[in-house]
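Accompanying notes for the structure given below.
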Amino acid sequence: MKQRKRYERSDVSAPGAHKTRNALVILAALALVLGIGIFALWNLAQKNSNLGDTDLSGSIKKDGGKNIATGNTQLSDHAVTTVLVFIHADNDESTLSSVKLLSLDQSAGKGYIVSLPTDMVVSLDGAQTTLAEVFSKQQSRGSIGVVSGATGVQISHVMVVDSQGWEKVLGLSSVGATQLARQAKDLLGLLHTDMSAPDLLNLAETAHGIGRKNLAIVDAPCTSVAGTDGATQTVVDPEQLGLTIGTLVEK
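Just so we're aligned: 123 in the UniProt record's numbering is position 123 of the sequence shown, and the numbers increase by one with no gaps anywhere.
Below you can see the structure in the form of structure tokens.
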């Protein structure tokens, strides 16, 4: 049995106040934009086929998995909503730039944006590979199951956006509510998701209910293992991740 050791990724900065502010900006901006009203959202949804993608919904239903307890933990009874966010390169939808797991724990009143490594080890058809490799071949629909399997987390919803679009979301922190409303159509046009307009509004309301001070951004807990070829592999620690986001509790 290969020995695992915990390590810190040199290419990922440690969580801090600046990163936390960015997390709050993302959710607050979405909440403000989506707060323009259900009628307006419905109109946008009618015109934007990237909302309510039935293929994505089918993939989540089939491959979204379930929360998995470990030997030292058990499933919590918390109401946790998870949104898997795939961010691909601006000029290449098959190149994965980064991955986020947005987790909103309504029971505990806490929320997280977890950065998942794109080189994390996943299992596909019985063989080990990386998430980036799977995404390059199967894009978002074919990547949901491998993420759920590697993290032990059930996926509630999926969002897909390019790097440029993600930066635009971050940039919304510098504009006022009126400008946010004006930019709502453009922002929703950047999102490809299984969620309908009401689903997006519910997500924003959930984030708003949790509150800014209870939202944080963190890196996924990882371990390093030696692969069969001797190379170091990045493995997400499902137990620590589940304990962090509230899907698991210690026995």
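For each residue, glycine too, the CB sits at the ideal point set by N, CA and C.
One or two residues paired with residue i in a DSSP bridge
{"i": "residue 159", "result": "85 and 193"}
{"i": "residue 116", "result": "99"}
{"i": "residue 123", "result": "128"}
{"i": "residue 218", "result": "114"}
{"i": "residue 226", "result": "232"}
{"i": "residue 248", "result": "75"}
{"i": "residue 80", "result": "105"}
{"i": "residue 92", "result": "89"}
Inter-residue spacing [alpha-carbon to alpha-carbon] between residue i and residue j
{"i": "residue 98", "j": "residue 121", "result": "14 Å"}
{"i": "residue 154", "j": "residue 65", "result": "5 Å"}
{"i": "residue 205", "j": "residue 119", "result": "33 Å"}
{"i": "residue 55", "j": "residue 63", "result": "12 Å"}
{"i": "residue 38", "j": "residue 52", "result": "Residue confidence is low: residue 38 scores 49 on pLDDT, short of 50, so the model does not pin down where it sits. Its coordinate-derived value is still stated next. If I take the Cα positions, the gap works out to 15 Å."}
{"i": "residue 221", "j": "residue 249", "result": "16 Å"}
{"i": "residue 207", "j": "residue 104", "result": "7 Å"}
{"i": "residue 50", "j": "residue 226", "result": "40 Å"}
{"i": "residue 251", "j": "residue 237", "result": "17 Å"}
{"i": "residue 223", "j": "residue 117", "result": "11 Å"}
{"i": "residue 232", "j": "residue 129", "result": "13 Å"}
{"i": "residue 136", "j": "residue 142", "result": "10 Å"}
{"i": "residue 196", "j": "residue 70", "result": "34 Å"}
{"i": "residue 15", "j": "residue 159", "result": "Unreliable placement is indicated for residue 15, whose pLDDT of 49 sits below 50; the coordinate value is still reported in the next sentence. Cα to Cα, residue 15 sits roughly 23 Å from residue 159."}
{"i": "residue 106", "j": "residue 163", "result": "29 Å"}
{"i": "residue 212", "j": "residue 127", "result": "41 Å"}
{"i": "residue 214", "j": "residue 229", "result": "42 Å"}
{"i": "residue 140", "j": "residue 100", "result": "13 Å"}
Buried or exposed by the 16-neighbour rule on C-beta atoms within 10 Å, applied to residue i
{"i": "residue 198", "result": "exposed"}
{"i": "residue 59", "result": "buried"}
{"i": "residue 174", "result": "A caution first: residue 174 carries a pLDDT of 49, below 50, which makes its placement in the model too unreliable to give a value."}
{"i": "residue 165", "result": "buried"}
{"i": "residue 1", "result": "Confidence at residue 1 is low in this model, with a pLDDT of 44, below 50, so the placement of that residue should be treated as unreliable; the coordinate-derived value is given next. Classification for residue 1: exposed."}
{"i": "residue 75", "result": "exposed"}
{"i": "residue 94", "result": "exposed"}
{"i": "residue 77", "result": "exposed"}
{"i": "residue 177", "result": "With a pLDDT of 49 at residue 177, under the threshold of 50, the predicted position of this residue should be treated as unreliable, and no value is reported."}
{"i": "residue 115", "result": "buried"}
{"i": "residue 150", "result": "buried"}
Expected contact under 8 Å - CB spacing of residue i and residue j to nearest Å
{"i": "residue 73", "j": "residue 243", "result": "7 Å"}
{"i": "residue 245", "j": "residue 80", "result": "6 Å"}
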